Amino acid sequence: FTRAGNTTHTGEKFPIPDDEKFSYGTAGFRFDAKKLPFLVFRCAYVASLRARQLNSAIGVMITASHNPEEDNGVKLVDPSGDMLNGQWEKYATEIVNASDAELPSAVAALEKQMSQIEKSFIARGLVQNARVVCGMDTRVTGPHLMSAASQGSALFSVRFENIGVVSTPILHYIVKSHNFPQFANPTLHGYYTAIKEAFMELYMETEEPEGSRYQPKVIVDCANGVGAPRFRDLMKEIPSDYLEVEFRNENGRLNHQCGADFVKIKQELPENFDGIQEPKSASFDGDADRLIYFRSKKGAEKPRAAELFDGDKIACLYAMYIQEQLKAYHETKPTYNIDMGIVQTAYANGASTRFIRDTLKMKPIIVKTGVKYLHEEASEFDIGIYFEANGHGTVVFSSHFDSIIRRHPQTLVPLRRLALFSRVINETVGDAFADLLAVEICLRHYGWSMDDWAEKLYRDVPSHQVKVDVAKREDFETTNAEQTLVKPIGLQEEIDKTVAKYKESRAFVRPSGTENIVRVYAEADTLENAIELGETLKKIVL
Ligand code: NG1
Ligand code: ZN
């Protein structure tokens with residue numbers, strides 16, 4: 010038996026099995042694209058209700074990121090440019106799961122929680138800033154879903170702005186710019202201009218040390234996604250003697266044998282990068298919110314093996330750079346100390362966590378997987394760096410930082426650098442373009458080649474990640490920032506026994522929040538042992 014089916018924007022009935030429940034996960038709603046029209050249609054109602062309530066711009070992003078081309082997804086962006094507020098994730102889940110018949114009462118329940126003031130503003134039509142800003146990635150199903158979003162917003166007469174094919178971080182940036190006009194112009198061009206200007210100014214404030222081995226060139230794997238058109242646009246604005254970018258994987262099958270997720274999980278070179286060593290290569294994912302640098306692994310047995318400079322290596326590079334600039338500030342004996350923190354997940358390579366603790370003398374914070382958890386925790390600091398090992402991350406800055414550093418002309422070069430660095434970075438969310446430009450600044454500042462970056466920070470502990478297809482991922486529950494399983498009962502003891510057999514080992518098992526799989530992560534003294542441990546754990550989980 011199925012629910013009568015939910016009506017999509019084209020008037021079709023989309024059948025939904027009675028036991029199917031959709032939930033707003035860490036990446037919004039993400040499924041086979043066939044399911045998406047009614048989901049996007051419904052999400053656009055939610056977005057427009059929130060836009061009216063707050064008299065602000067709300068974002069809708071249509072993307073399934075690094076997932077296969079056949080999938081698609083939708084997630085909402087709050088007025089600040091951050092991920093959707095948790096309470097509203099619940100509302101979105103309720104609206105999406107209501108049958109056609111239940112929908113009016115679900116919407117009424119949502120409207121009921123608005124304050125009297127908000128209601129009276131809406132009743133008097135004082136919602137001129139309310140708008141839904143919608144972007145999509147390069148998937149073929151995007152335009153159809155864009156029209157679903159447009160019609161969903163039209164139901165509540167909220168202004169709809171289609172910004173076309175953009176990266177997820179561009180959408181976040183434009184939403185924030187609508188609500189905070191001093192931030193940037195709320196257009197694609199506003200984004201390019203703001204990032205380009207900050208990059209070029211920071212470049213001028215950067216002094217390459219003598220004997221520098223830095224090379225101003227990167228070969229970029231666009232994952233056949235949105236990075237191809239949009240990063241090309243951005244790089245047209247930056248003279249090639251500042252930085253030269255060579256583009257690869259621009260028009261093939263999305264995320265297929267390429268892209269940041271492929272490179273990270275397989276630790277393998279993407280298609281069209283055979284044997285590449287120098288100067289530098291980097292991969293974006295499909296919607297360009299992840300960035301991984303890589304090169305061909307020297308002396309590896311597998312011909313396509315890649316050495317990664319992942320989210321952890323990027324985070325440590327940023328931390329080192331920022332720490333150095335910040336020192337100049339604290340040497341002025343200011344009344345206010347600007348604090349800095351770094352947030353990771355359990356997937357962070359053990360060597361990076363040790364580097365942060367022992368060399369940078371900082372206390373790394375480990376939180377649950379999912380950008381919103383990292384972002385939240387990083388926001389506790391004046392300068393909060395957060396990165397997932399997979400290359401998703403950014404730096405966030407507090408209002409104190411803003412008033413002390415960013416809003417004043419600075420006489421000290423390190424402080425000008427800090428202010429500019431904070432503008433190159435897209436602090437709304439991890440942004441592959443902005444992160445790449447920031448990495449290049451740091452490498453140039455230190456005069457580093459890839460060899461230097463590899464040797465001067467830390468060497469990764471060998472690791473291995475496996476996806477395990479399970480009947481029900483809900484059977485797996487974790488605690489301790491996802492590093493310990495509490496369910497199925499007894500499984501953690503078995504894992505512990507296996508891990509104890511390997512030297513320098515660490516491993517954990519957790520259910521994915523975005524796919525119906527369980528992930529196994531293992532570290533050990535050698536790659537062979539890490540693989541063996543991971544695969545042994547896989548058998549235990551199955
Ligand atoms: P899940 O599927 O919950 O592991 C994956 C990534 C997250 C995050 C989300 C959202 C790993 C191990 N997990 O989550 O870091 O990026 O997708 O896209 O990379
Ligand atoms: Zn992504």
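The sequence shown begins at 10 in UniProt numbering and counts up one residue at a time. Here a beta-carbon is modelled for each residue, glycine too, at the ideal position from N, C-alpha and C. Here the structure is a predicted model, which is why all the values come from computation and not from measurement.
Close beta carbons around Val-136, own chain, < 6 Å, minus the five adjacent residues each side: Arg-61 and Asn-64
Beta strand (DSSP E) segment containing Asn-81, residue limits: 80 to 86
Glu-120 - containing alpha helix (DSSP H), residue span: 112 to 121
Glu-513 versus Thr-535, Ile-375 and Tyr-345, residue with shortest Cα-Cα distance: Thr-535
Bounding residues of the alpha helix (DSSP H) (the contiguous stretch that carries Arg-432): 422 to 433
Neighbour flag for Asn-106 against chain D, beta carbons, 8 Å: Checking the listed chains, one finds no chain D in this structure; it contains a single protein chain.
Enclosing alpha helix (DSSP H) for Lys-128 [first to last residue]: 125 to 132
Residues that DSSP places opposite Ser-292 in a beta bridge: Asp-230 and Ile-301
First through last residue of the alpha helix (DSSP H) which encompasses Met-213: 197 to 213
Thr-215 beta carbon near ligand 1 (any heavy atom closer than 7 Å): no
Beta-ladder partner(s) of Asp-478, from DSSP: According to DSSP, which records beta bridges pairwise, Asp-478 is partnered with Ile-526.
Cβ pair Ala-36, Thr-523 closer than 8 Å: yes
Residue closest to Ala-328, alpha-carbon to alpha-carbon, out of Ile-365, Tyr-338, Tyr-345 and Ser-290: Ile-365
Of the residues Leu-278, Glu-287 and Gly-268, the one placed nearest Leu-300, counting alpha carbons only: Gly-268
Three-way DSSP call (helix, strand, coil) for Ile-351 in this model: strand
Nearest to Gly-234 (by Cα), restricted to the options Ala-139, Gly-295 and His-153: Gly-295
Bridge partner(s) assigned by DSSP for Phe-23: Asn-15
Distance between Ile-71 and Lys-84 (C-alpha atoms, nearest Å): 7 Å
Identified DSSP bridge partners for Asn-171: Cys-143
For Ser-472 and Asn-399, believed in contact at Cβ under 8 Å, the rounded distance: For a cut-off of 8 Å, the C-beta gap from Asn-399 to Ser-472 is around 12 Å, too long to register as a contact.
Contact belief for Ala-297 with Ala-73 at Cβ below 8 Å, rounded distance in angstroms: About 13 Å; that fails the 8 Å criterion.
Stretch-stretch touch, CB-based, cutoff 8 Å, three pairs: the segment 392 to 411 with the segment 195 to 205: no
Cβ neighbour criterion (16 or more within 10 Å) applied to Gly-499: Counting C-beta atoms within 10 angstroms of its own C-beta, Gly-499 has fewer than 16 neighbours from the protein chains shown and is therefore classed as exposed.
Cβ shell of Glu-217 (< 7 Å), same chain only, five flanking positions each side left out: Tyr-223, Arg-453 and Gly-456
Pick from Ile-392, Asp-146, Leu-326 and Tyr-302 that is closest to Tyr-467, judged by C-alpha positions: Tyr-467 has its Cα closest to that of Leu-326, out of Ile-392, Asp-146, Leu-326 and Tyr-302.
Check: Ala-36 C-beta below 7 Å from any heavy atom of ligand 1: Checking the Cβ of Ala-36 against ligand 1 gives yes.
Ser-521 Cβ short of 7 Å to ligand 1 heavy atom set: Closer than 7 Å to some heavy atom of ligand 1: that describes the Cβ of Ser-521.
C-beta contact flag for Gly-82 and Val-184 at 8 Å: With respect to the 8 Å criterion, Gly-82 and Val-184 are not classified as neighbours on the basis of their beta carbons.
Any 3 or more C-beta pairs closer than 8 Å across the segment 158 to 177 and the segment 208 to 215: no
Under the three-state DSSP convention, the category Ala-533 falls into: coil
Cβ-Cβ separation, Val-529 to Lys-547 (assumed contact under 8 Å), whole Å: 5 Å
Element boundaries [beta strand (DSSP E), containing Met-70]: 66 to 71
Whole-Å CB distance - Glu-486 paired with Val-495, under 8 Å assumed: 5 Å
Under the three-state DSSP convention, the category Lys-496 falls into: strand
Bounding residues of the alpha helix (DSSP H) (the contiguous stretch that carries Thr-344): Counting along the chain, Thr-344 falls outside any alpha helix (DSSP H), and DSSP gives it neither H nor E.
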